[in-house]
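In our numbering, the protein residues as written are 2 to 446.
Down below is the structure, laid out as structure tokens.
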Amino acid sequence: MPSLFSRMTSLLLLMACGAALAALIGHTGVWPGIAVGALAWLVWDNWRARAFADWLHRIKDDPDTPPPRIDSLRREFSERIQRLLRKQGRETEELENRLHNLQSVLQASPNGVIILDEQECIEWCNRMACEHFGLDSRRDISQRITHLLRDPALTKCLAARDFEEAITLESPISTASRPLRLEVWLLPYEQGRLFMLSRDITAIEQAEAMRRDFIANVSHEIRTPLTVLAGFVETLQTLPLNDAERADMLHRMAQQAERMKNLVADLLTLSRLEDRAPPGMSEWIPVRSLLERIDTDARALAAHLAGQDTPKHELIFEGMDTSDEIAGSSSELQSAFFNLVNNAIRYTPPGGIVAIRWQIQTNGGARFSVRDSGPGIAPEHIPRLTERFYRVDSNRSRASGGTGLGLSIVKHVLQRHDAKLEIESTPLRGSCFTVTFPAERIRSG
Numbered sequence: 002m003p004s005l006f007s008r009m010t011s012l013l014l015l016m017a018c019g020a021a022l023a024a025l026i027g028h029t030g031v032w033p034g035i036a037v038g039a040l041a042w043l044v045w046d047n048w049r050a051r052a053f054a055d056w057l058h059r060i061k062d063d064p065d066t067p068p069p070r071i072d073s074l075r076r077e078f079s080e081r082i083q084r085l086l087r088k089q090g091r092e093t094e095e096l097e098n099r100l101h102n103l104q105s106v107l108q109a110s111p112n113g114v115i116i117l118d119e120q121e122c123i124e125w126c127n128r129m130a131c132e133h134f135g136l137d138s139r140r141d142i143s144q145r146i147t148h149l150l151r152d153p154a155l156t157k158c159l160a161a162r163d164f165e166e167a168i169t170l171e172s173p174i175s176t177a178s179r180p181l182r183l184e185v186w187l188l189p190y191e192q193g194r195l196f197m198l199s200r201d202i203t204a205i206e207q208a209e210a211m212r213r214d215f216i217a218n219v220s221h222e223i224r225t226p227l228t229v230l231a232g233f234v235e236t237l238q239t240l241p242l243n244d245a246e247r248a249d250m251l252h253r254m255a256q257q258a259e260r261m262k263n264l265v266a267d268l269l270t271l272s273r274l275e276d277r278a279p280p281g282m283s284e285w286i287p288v289r290s291l292l293e294r295i296d297t298d299a300r301a302l303a304a305h306l307a308g309q310d311t312p313k314h315e316l317i318f319e320g321m322d323t324s325d326e327i328a329g330s331s332s333e334l335q336s337a338f339f340n341l342v343n344n345a346i347r348y349t350p351p352g353g354i355v356a357i358r359w360q361i362q363t364n365g366g367a368r369f370s371v372r373d374s375g376p377g378i379a380p381e382h383i384p385r386l387t388e389r390f391y392r393v394d395s396n397r398s399r400a401s402g403g404t405g406l407g408l409s410i411v412k413h414v415l416q417r418h419d420a421k422l423e424i425e426s427t428p429l430r431g432s433c434f435t436v437t438f439p440a441e442r443i444r445s446g
């Protein structure tokens, strides 16, 4: 009401001024002056309305823009509008912060996240989804997901709208050398939109495959000597044997029992290596004592394998007089080093050469190498030599008393000591197994 009264007062004043002006200039009537005053008020009020409209346009970008000098009614409107805009700005900023925080959380997720609209087109995806599916977060926005991921399981799931269970698919960027298997969940939400989650299950599937292979291999390795033992026992129970035959059969039974005992011992060793924490840097072992024990055991093994008609292996040790020390577990390193020497002796023909060498590197690290003059290994076998139960020649390995776990134990021991195993071999020209230790594990004397 006060503002309306003010506007009417302004109108009447201008009309009165117009009438007075008409009387001053000697006009015979006052109505033209009143009309001029009313017209002037309309022009003035229109100018104020225009200024108010311009201000309303400007405050969309800057709510703090001061209003023009206008009447009290419009001033009250402007103040209310500014308060509402400031409140809306604060709410919008809060929502934007929440959205940014949510996107940050989804970006940090170890799972892939894709948001699909009701047409199954990508609205948003996080960094992990781009890695899982080979997507581009800018280029592929608004693209239909089935145009980018042409997997029958995904297409069938979307067509049937069956989202009860996860689907497993192979990533488009998966290769033979770097396989990538994904578990994908599709979760529907408002108005036909979908929330798509992906998880890398490559390691899980590989571990499950390794577990199945391991159980199958252990079962096979134990079943074979058990079958032999059962056959020998049945023979002893059912057939009359002379002393020589009985002694020969008992000797073979003892060999099979020894083979099972070695297998169990190696399995227990692997289990202990996997369960224990890696050795620290507090225990320093003299390398010379390690090499001397290996020298003694290697010469005993060579003498045991040599028969009356077969010459001994020629064993060459280099670097025996070293005063270097290595940080780690003495028993584990002894086991790994001798395992390499044991393999070289067993697989090298009688009279062959086995050279063991310890050498400090220029970078402060060290190398332990075992070179033999054996039959060598074909290139396709070398990458798999450290797999459990993998054998280049199964019959020959079993005949030499091997369990198929030796190099797997070596690999675990070296990994626990931050060391690397390199294998070089040429068929018919021998092999060289080299262990490289980092400088922080070596203390030169």
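In this text, a Cβ means the ideal position worked out from N, Cα and C, and glycines have one as well.
Short check: CB of residue i to CB of residue j, under 8 Å?
i, j, result
"R392", "G405", "yes"
"D201", "L183", "yes"
"D414", "L341", "First, the amino acid is wrong: residue 414 is Val here, not Asp. No, these two residues do not count as a Cβ contact at 8 Å."
"I327", "I295", "no"
"E423", "S432", "no"
"V355", "L292", "no"
"G407", "S374", "no"
"G113", "L198", "yes"
"T311", "G366", "no"
"L136", "A154", "no"
"L181", "I146", "no"
"S143", "I115", "no"
"R389", "N263", "no"
"V371", "D325", "no"
"F134", "S172", "yes"
"N364", "A420", "no"
Go ahead and pull the three-state DSSP assignment for residue i.
i, result
"Y348", "helix"
"S432", "strand"
"D267", "helix"
"P3", "Low per-residue confidence applies at P3: pLDDT is 47, beneath 50, and the placement is therefore not dependable enough to give any value."
"G113", "strand"
"I383", "helix"
"I422", "Note that residue 422 corresponds to Leu in the displayed sequence, not to Ile. Strand, per DSSP."
"A177", "coil"
"S105", "helix"
"M321", "coil"
"A54", "helix"
"L242", "coil"
"P439", "coil"
"V414", "helix"
"R81", "helix"
"L341", "helix"
"S199", "strand"
"Q89", "helix"
"L316", "strand"
On a Cα-Cα basis, can you pick out the residue from the options that is closest to residue i?
i, options, result
"L302", "H314, V371, L292 and A248", "H314"
"T387", "I346, A307, L271 and A248", "L271"
"E273", "S330, L230 and L306", "According to the sequence provided, residue 273 is Arg. The question's Glu does not apply to it. Closest by alpha carbon: S330."
"L429", "E166, T349, G232 and L306", "T349"
"I378", "T427, S175 and S178", "T427"
"L251", "M261, L230 and V265", "L230"
What are the start and end residues of the beta strand (DSSP E) that includes residue i?
i, result
"E293", "Here E293 belongs to no beta strand (DSSP E); instead the alpha helix (DSSP H) covers V288 to L306."
"R327", "First, the residue type needs correcting, since residue 327 is Ile and not Arg in the sequence shown. Looking at the DSSP string, the run of the beta strand (DSSP E) that includes I327 is E326 to A328."
"R182", "R182 to Y190"
"A278", "Counting along the chain, A278 falls outside any beta strand (DSSP E), and DSSP gives it neither H nor E."
Taking the alpha helix (DSSP H) that residue i falls in, what are its first and last residues?
i, result
"S220", "T203 to T239"
"V371", "Note, V371: premise wrong, no alpha helix (DSSP H); beta strand (DSSP E) at A367 to D373."
"I146", "I146 to L149"
"A167", "Per DSSP, A167 belongs to no alpha helix (DSSP H) and is neither H nor E."
"C122", "Unbroken run through C122: none, as it is neither H nor E."
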